[in-house]
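These protein sequence lines map, in sequence, to chains A and B.
Position 21 of the first sequence, counting from 1, maps to 583 under the numbering used here, and the rest follow consecutively.
Position 97 of the second sequence, counting from 1, maps to 703 under the numbering used here, and the rest follow consecutively.
Built from N, CA and C at the ideal position, the CB exists for glycine as well.
Since the model is a prediction, treat every value here as computed from it, not as a measurement.
Below is one structure, written out as structure tokens; the observations come after it.
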Amino acid sequence: MLRNDADSWGAPAKLFHWVMAALILAQIALGVMAASWRVSPTKLELFFWHKSTGMLILALVALRLLWRLANPTPALPAGMPAWERAAAQLSHGLLYVLMIALPITGWIVNSASNIPFRIFWLIPLPAIVAPDKPTADLVALVHGGLFALLALVLVAHIGAALRHHFVKRNTVLERMLPGTWRTP
Amino acid sequence: MKKIAAVLGLCGLSAFALDPAQGADWKMDPAGSKLEFIATFEKTAAPGVFKEFDARLRFDPDKPAGSSLDVTVKVTSADMNIADVNKEIRGKDWFDYAGFPQAEFRSTDLRRTEGNRYVAHGALSLKGVKQPLEVPFTWTGSSDGAVMEGELTVKRGAFGIGAGEWAASNVIGADVKVKFKVRLRKAG
């Protein structure tokens with residue numbers, strides 16, 4: 563099954579979800595290490611991988627949004643309270659916003675810092691703002707703030723998935739797992 | 607008599623050795639001149655300039671024998687256009703502004719290779735290290751002066767630029783390209 567239907571995710575949607583989940587966790591580790599490492603070749607190397615991964619995530623989220631818009635979204639379980647539906651929609655919306663806003667603010671910091679950079683040594687990243695140290699410092703703070711927000715939303719997202727599975731005993735988590743699981 | 611001549615000759619020789627560009631007949635016009643160095647960061651060009659430098663030259667393009675070139679570079683005028691990098695390169699691991707504020711290239715051996723192409727064989731003193739260096743350049747004369755232009759590659763490690771852990775070349779490349787354009791006017 564490639565396409566989503568009313569109650570299940572197709573293979574591409576699952577692949578996007580889990581590949582990006584893995585990339586985002588790696589990206590968080592790279593970012594935290596890069597920011598806290600003392601100035602050294604290792605720090606520059608960490609930033610190089612953090613920036614490259616960030617641009618990969620940005621490209622993937624664009625494809626993922628297109629795929630999501632071109633497919634039905636599986637329905638939430640019947641009988642879910644309104645506040646839970648609202649929370650689900652808000653947190654999913656926020657995750658998409660953050661998956662775009664974090665790479666873009668990172669891109670702005672890199673541009674404003676005037677650091678030459680090629681994604682994975684291959685694709686030159688054009689500057690999207692003029693070099694300016696105060697801009698770089700300010701947007702780096704925004705980038706950090708957005709990261710803190712991402713960490714909170716991820717905890718809510720993972721917590722909610724586990725609650726659906728273990729407490730409410732519905733299929734919300736299972737239907738995102740790899741494999742051929744279908745709604746009975 | 608012979609002895610005196612020898613002493614005089616020696617004096618002349620040593621004066622010449624101390625200041626090869628003594629009696630320079632070309633002086634640099636800073637406004638029309640540029641000295642760039644292009645390092646690499648993760649295999650991507652990271653350009654910088656030395657804003658202040660001076661070249662003095664005694665040179666006849668048709669008879670390069672007996673020519674001399676003396677270039678002094680104010681290392682502390684380096685600018686790589688990245689605030690954090692400019693702060694780092696002042697330090698001991700990089701240019702060490704405090705210890706070695708100036709670099710110098712001297713040549714008393716300039717040869718024509720072909721047409722308007724020449725090579726200055728000399729030595730570069732940078733960060734306390736003196737190494738032989740060949741500087742190729744083209745010479746373009748005009749009615750009001752001349753332009754010397756060229757580029758060469760220098761190994762930063764030979765001069766201890768990027769010491770300790772920075773000596774590794776996987777993040778900051780080993781080769782630094784140096785490009786120069788020097789506008790010269792006949793000295794007064």
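Which residues in chain A have a C-beta closer than 9 Å to the C-beta of L700 (chain B)? List them in chain order. Here residue 700 (chain B) corresponds to residue number 94 of the second sequence, with the count starting at 1. Correcting the residue type first, residue 700 (chain B) is Trp in the shown sequence and not Leu. The premise fails here: W700 (chain B) is roughly 11 Å from chain A at the closest Cβ pair, so nothing lies under 9 Å.
For a cutoff of 7 Å on Cβ pairs, would you count E642 (chain B) as touching chain A? To locate residue 642 (chain B), count along the second sequence from 1; it is residue 36. With 7 Å as the cut-off, E642 (chain B) does not count as an interface residue toward chain A.
So which residues of chain B does R680 (chain A) contact, with C-beta pairs closer than 8 Å? What you label residue 680 (chain A) is simply residue 118 of the first sequence in a count that begins at 1. In chain order: E648, K649, T650.
Just to make sure I have the definition right: I need the residues of chain A whose C-beta is within less than 7 Å of the C-beta of A704 (chain B). Which are they? In the second sequence, residue 704 (chain B) corresponds to position 98, counting from 1. Neighbours of A704 (chain B) on chain A: none; closest Cβ ~18 Å, over 7 Å.
Is it buried or exposed, K792 (chain B), if we count other Cβ atoms within 10 angstroms and call 16 or more buried? In the second sequence, counting from the first residue as 1, residue 792 (chain B) sits at position 186. Flag for K792 (chain B) reads exposed.
Drop a sphere of 10 angstroms on the beta-carbon of E648 (chain B), count the other beta-carbons inside from all chains shown, and report buried for 16 or more, exposed for fewer. For this step, residue 648 (chain B) is matched to residue 42 along the second sequence. The residue in question, E648 (chain B), is buried, as its Cβ has 16 or more Cβ neighbours within 10 Å.
Nearest-angstrom Cα separation, counted from L716 (chain A) out to R597 (chain A): As a working mapping, residue 597 (chain A) is identified with position 35 in the first sequence. As a working mapping, residue 716 (chain A) is identified with position 154 in the first sequence. The amino acid occupying residue 597 (chain A) in the given sequence is Ala; Arg does not appear at that position. Their backbone Cα atoms lie some 20 Å apart in a straight line.
Can you find a C-beta in chain B that's less than 7 Å from the C-beta of K695 (chain A)? Residue numbering aside, residue 695 (chain A) sits at position 133 when the first sequence is read from its first letter. Under the 7 Å criterion on CB atoms, K695 (chain A) is classed as interfacial with respect to chain B.
Do you know how far the Cα of G638 (chain B) is from the Cα of D631 (chain B)? Along the second sequence, read from residue 1 onward, the residue named residue 631 (chain B) stands at position 25. Along the second sequence, read from residue 1 onward, the residue named residue 638 (chain B) stands at position 32. Cα to Cα, the separation comes out at about 18 Å.
Should S602 (chain A) be flagged as near chain B, meaning a C-beta pair shorter than 7 Å? Residue mapping note: residue 602 (chain A) aligns to position 40 of the first sequence, counting from 1. Yes, its Cβ sits closer than 7 Å to a Cβ of chain B.
Give the interface partners of N676 (chain A) over in chain E, defined as CB-CB distance under 8 Å, in chain order. Considering every chain present, this structure includes no chain E. Its protein chains are A and B.
Residue closest to A752 (chain B), alpha-carbon to alpha-carbon, out of B:R789, B:E771, B:V735, B:I778: By 1-based counting over the second sequence, the position of residue 752 (chain B) is 146. With distances taken between Cα atoms, A752 (chain B) lies closest to B:R789.
Measure the alpha-carbon distance for S673 (chain B) versus P688 (chain A) and round it to whole angstroms. Residue 673 (chain B) sits at position 67 when you count from the first residue of the second sequence. Residue 688 (chain A) sits at position 126 when you count from the first residue of the first sequence. Using only the alpha carbons, I get a separation of about 45 Å.
So, for F656 (chain B): in the same chain, excluding its five sequence neighbours on each side, which residues have a beta-carbon less than 6 Å away from its beta-carbon? Within the second sequence, numbered from 1, the residue matching residue 656 (chain B) stands at position 50. Within the same chain, F656 (chain B) has close Cβ partners L641, V679, S683, A684.
If I measure Cβ to Cβ from W629 (chain A) and keep anything under 7 Å in the same chain, skipping five residues before and after, which residues do I get? Position 67 of the first sequence, counting from 1, holds the residue named residue 629 (chain A). Result list for W629 (chain A): P574, A575, F578, in chain order.
Endpoints, the beta strand (DSSP E) within which E757 (chain B) is located: Walking along the second sequence from the start, residue 757 (chain B) turns up at place 151. 751-761 is the extent of the beta strand (DSSP E) around E757 (chain B).
Hey, quick one: how far does the beta strand (DSSP E) through G747 (chain B) stretch, first residue to last? For the purposes of this step, residue 747 (chain B) is identified with residue 141 of the second sequence, where counting begins at 1. Its beta strand (DSSP E) spans residues 735-748.
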